[in-house]
Amino acid sequence: MITEEQLDAFRQEGTLLRVIRDMDPANDVKGIVVAWDDTHVLVRKANRKMLKLGRDYVYQPFTAERPKEWTLPE
1 MITEEQLDAF RQEGTLLRVI RDMDPANDVK GIVVAWDDTH VLVRKANRKM
51 LKLGRDYVYQ PFTAERPKEW TLPE
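Note that the working numbering numbers the sequence shown so that position 33 is 33, with each residue one more than the last.
Written out as structure tokens, the structure reads:
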């Protein structure tokens, strides 16, 4: 689970994130952290749509390489 400090740093810096939801790269979400609570993160996509995602997904900067399938958490 992503920490409060990581989310706050991503929000303050305006870091473009990749949210990895499953093994298929086509299902990744690209966006910026807007807000969060104990269980969810609100991400704004480039088309201005907002998504409410669980905090148990993998959040990483979009510039970082996507991890291999076998290293993703279940």
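Glycine included, each C-beta is placed from N, C-alpha and C at the ideal position. Note that the structure is a prediction, hence the values are computed from the model and not measured.
Straight-line gap, residue i to residue j (C-alpha atoms, nearest Å)
{"i": "leucine 16", "j": "aspartate 56", "result": "18 angstroms"}
{"i": "methionine 23", "j": "arginine 66", "result": "10 angstroms"}
{"i": "leucine 51", "j": "glutamate 69", "result": "24 angstroms"}
{"i": "threonine 3", "j": "alanine 26", "result": "25 angstroms"}
{"i": "leucine 7", "j": "tryptophan 36", "result": "8 angstroms"}
{"i": "alanine 46", "j": "glutamate 5", "result": "24 angstroms"}
Beta carbon of residue i nearer than 8 angstroms to that of residue j
{"i": "leucine 42", "j": "valine 34", "result": "yes"}
{"i": "glycine 31", "j": "histidine 40", "result": "no"}
{"i": "arginine 21", "j": "glutamine 60", "result": "no"}
For residue i, the residue or residues it bridges with in DSSP
{"i": "alanine 35", "result": "Leu42"}
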